[in-house]
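Numbering (my numbering), first residue to last: -1 to 101.
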């Protein structure tokens, strides 16, 4: 069984025991969290689509750890003007493990 769930403004296709990285969540490591904004569920040939979300379906997950993503370099330059600007950014992420999909 799989589900498409909205987590922190992004949509993810999730299955049981799957690990994924999402934007930083306000939860401690080891906490159990439930996502109730499930947009679609599928089980073999049976697909259930919400409008926009399905009532009564939740996806439960466990917060594994908080981390920072890879560094992204932002480099700006204007030619022949001597203007160069370099900046870096590391996104704050949370690693979660999907423990179950309850219909």
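Positions of the beta carbon are idealized from the N, C-alpha and C atoms, including for glycine.
Just to confirm my understanding: we take residue i, look at its own chain, exclude 5 residues before and 5 after, and list those with CB closer than 6 Å. What are they?
{"i": "residue 82", "result": "75"}
{"i": "residue 70", "result": "87"}
{"i": "residue 48", "result": "37"}
{"i": "residue 23", "result": "92"}
Identify, in the order they occur along the chain, each residue of the same chain with its Cβ nearer than 7 Å to the Cβ of residue i, setting aside the five sequence neighbours on each side.
{"i": "residue 51", "result": "35, 36, 37"}
Taking its Cβ as the centre, do 16 or more other Cβ atoms sit within 10 Å of residue i, making it buried, or is it exposed?
{"i": "residue 57", "result": "buried"}
{"i": "residue 1", "result": "buried"}
{"i": "residue 99", "result": "buried"}
What residue from the options has the CA that sits closest to residue i's CA?
{"i": "residue 8", "options": "98, 91, 101, 99", "result": "91"}
Which residues does DSSP pair with residue i in a beta bridge?
{"i": "residue 5", "result": "8"}
{"i": "residue 32", "result": "58"}
Go through its chain and collect everything with a Cβ distance to residue i's Cβ below 8 Å, but skip five positions before and after it.
{"i": "residue 29", "result": "60, 61"}
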